[in-house]
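Here's the structure we're looking at; comments come further down.
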Amino acid sequence: MEKSLARWCKLGEKWGAVMLIGEADIYLERRSPGDLKRNGLVSILPRGILFLTTNRVGTFNDALTSRTHVILHYELLTVQDRRTIWEKLIKKLQSERQDIYVTGAAAKKYILDDPEITEANWNGREIRNAFQTAVQLAQCSFFMERTKMRMHGRAKARTHLQEVCQMTSRYKEYRYKVLKSTEPRRAAEEKVRNDLRPLPKK
1 MEKSLARWCK LGEKWGAVML IGEADIYLER RSPGDLKRNG LVSILPRGIL FLTTNRVGTF
61 NDALTSRTHV ILHYELLTVQ DRRTIWEKLI KKLQSERQDI YVTGAAAKKY ILDDPEITEA
121 NWNGREIRNA FQTAVQLAQC SFFMERTKMR MHGRAKARTH LQEVCQMTSR YKEYRYKVLK
181 STEPRRAAEE KVRNDLRPLP KK
């Protein structure tokens, strides 16, 4: 892994390329005395423009942080932030897929106003995944029905979206019962990151 990373860093420098390392904590974790390979990886700091992404900032090597020119911190999503993400996904679907129908009044009201959605503390990836899954299920269901009934029209994703959201919520509730803790709480206790929302001011 060390040789591979060093090779790509050298090529990036040679080509004048902008490099991106996703989930960079895998390569650039804090040094440990007994892990010589990990120490070697941490020492590879390429010149040029390099983007690193992580959601485990607590594991990052301090030496790397001190040499980073710009650090962008993404705040926790608010209700309005999540609403905006949903709206953009719907708008994108409208422009790209005329065969999928999700913009009816009932569907938009559920997505933007139903407490089941608005109170779900989802991140952007979870919202996108739920939306894409619902769209794919709607398309599959519609094609199956169309084959049987020889019907025409557009697939409706509203029901499938509700099913996906409910399944996701039930899974999170089950994990909470098993672990007796939420994912943000565990991450904070392990000093990986702090996604805990501040208590409301009295």
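Heads up: the sequence shown begins at 1 in UniProt numbering, then just goes up one per residue.
Where a beta carbon is used, it is the ideal one built from N, C-alpha and C, also for glycine.
Open item on the list: Counting C-beta neighbours from all protein chains within 10 Å, is the total for Ile-26 16 or more, i.e. buried, or is it exposed?
Closed with: The count along the sequence shown starts at 1 and reaches residue 26 at position 26. Counting Cβ neighbours within 10 Å, Ile-26 comes out exposed, since fewer than 16 surround it.
Task: Every unbroken alpha helix (DSSP H) inside the region 111–184 [4 residues or more] - done: 115–118, 124–149, 158–179
TODO: Over the uninterrupted beta strand (DSSP E) stretch that includes Leu-77, give me the two end residues.
DONE: Taking the first residue of the sequence shown as 1, we reach residue 77 at position 77. Run containing Leu-77: none; DSSP gives neither H nor E here.
Open item on the list: Beta-carbon within less than 8 Å of Leu-89's beta-carbon, same chain only, minus the 5 sequence neighbours each way: which residues are those?
Closed with: Counting from one through the sequence shown, the residue named residue 89 turns up at place 89. Only residues of its own chain outside the window of five on either side were considered, and among them Ile-127, Arg-128, Phe-131 have a CB closer than 8 Å to the CB of Leu-89, listed in chain order.
- [ ] Flag this pair as yes or no: are the beta carbons of Thr-118 and Val-79 separated by less than 7 Å?
- [x] Along the sequence shown, one-based indexing puts residue 118 at 118. Along the sequence shown, one-based indexing puts residue 79 at 79. It is a contact, given that the beta carbons lie within the stated cut-off.
- [ ] Look at the alpha carbon of Tyr-171 and the alpha carbon of Leu-72, and state the distance between them as a whole number of angstroms.
- [x] Stepping through the sequence shown from its first residue, residue 171 is reached at position 171. Stepping through the sequence shown from its first residue, residue 72 is reached at position 72. Going by the C-alpha atoms only, they are around 31 Å apart.
- [ ] Over the uninterrupted alpha helix (DSSP H) stretch that includes Leu-64, give me the two end residues.
- [x] As a first step, residue 64 is located in the sequence shown; it is residue number 64 there, counting from the start. First-last of the alpha helix (DSSP H) with Leu-64: 62–66.
Open item on the list: Assuming Leu-161 and Ala-187 are in contact, meaning their beta carbons sit under 8 Å apart, how far apart are those beta carbons, in whole angstroms?
Closed with: As a working mapping, residue 161 is identified with position 161 in the sequence shown. As a working mapping, residue 187 is identified with position 187 in the sequence shown. With 8 Å as the limit, Leu-161 and Ala-187 do not qualify as a contact, their Cβ atoms being about 28 Å apart.
Open item on the list: Please report whether the beta-carbon of Leu-112 lies at a distance below 7 Å from any beta-carbon of chain C.
Closed with: Reference to chain C is not applicable here, since this structure consists of a single protein chain.
- [ ] Mark Ala-17 as exposed unless 16 or more other C-beta atoms lie within 10 angstroms of its C-beta, in which case mark it buried.
- [x] In the sequence shown, counting from the first residue as 1, residue 17 sits at position 17. Classification for Ala-17: exposed.
Task: Rounded separation between Gly-124 and Pro-115 - CA only - done: Within the sequence shown, the letter at position 124 stands for residue 124. Within the sequence shown, the letter at position 115 stands for residue 115. For Gly-124 and Pro-115, the distance between alpha carbons rounds to 18 Å.
Task: Buried or exposed by the 16-neighbour rule on C-beta atoms within 10 Å, applied to Arg-67 - done: Along the sequence shown, read from residue 1 onward, the residue named residue 67 stands at position 67. For Arg-67, the number of other beta carbons within 10 angstroms of its own is below 16, and it is reported as exposed.
Open item on the list: Using the Cβ count rule (16 or more neighbours within 10 Å means buried), how would you classify Asn-61?
Closed with: Numbered from its first residue, the sequence shown carries residue 61 at position 61. Buried.
Open item on the list: When you compare the CB positions of Ile-111 and Trp-86, do they come within less than 7 Å of one another, or not?
Closed with: By 1-based counting over the sequence shown, the position of residue 111 is 111. By 1-based counting over the sequence shown, the position of residue 86 is 86. The answer is yes: Cβ separation under 7 Å.
Open item on the list: Using C-beta distances below 6 Å, list every residue in its chain close to Gln-136, excluding the 5 sequence neighbours before and after it, in chain order.
Closed with: The count along the sequence shown starts at 1 and reaches residue 136 at position 136. Nothing meets the Cβ criterion.
TODO: Could you have a look at Ile-49 and say whether DSSP puts it in helix, strand or coil?
DONE: Position 49 of the sequence shown, counting from 1, holds the residue named residue 49. Correct three-state label for Ile-49: coil.
Open item on the list: Taking a contact to mean a Cβ-Cβ separation below 7 Å, would you say Val-192 touches Arg-56 in this structure?
Closed with: Residue 192 sits at position 192 when you count from the first residue of the sequence shown. Residue 56 sits at position 56 when you count from the first residue of the sequence shown. Taking 7 Å as the Cβ cut-off, Val-192 and Arg-56 qualify as a contacting pair.
Open item on the list: Let me confirm a value: Thr-53 is counted as buried when at least 16 other C-beta atoms fall within 10 Å, else exposed. Which label applies?
Closed with: As a working mapping, residue 53 is identified with position 53 in the sequence shown. With fewer than 16 other CB atoms across the displayed protein chains lying within 10 angstroms of its CB, Thr-53 is exposed.
Open item on the list: Assuming Ile-21 is part of the beta strand (DSSP E), what are its boundary residues?
Closed with: By one-based count along the sequence shown, residue 21 stands at place 21. For Ile-21, the uninterrupted beta strand (DSSP E) segment begins and ends at 19–21.
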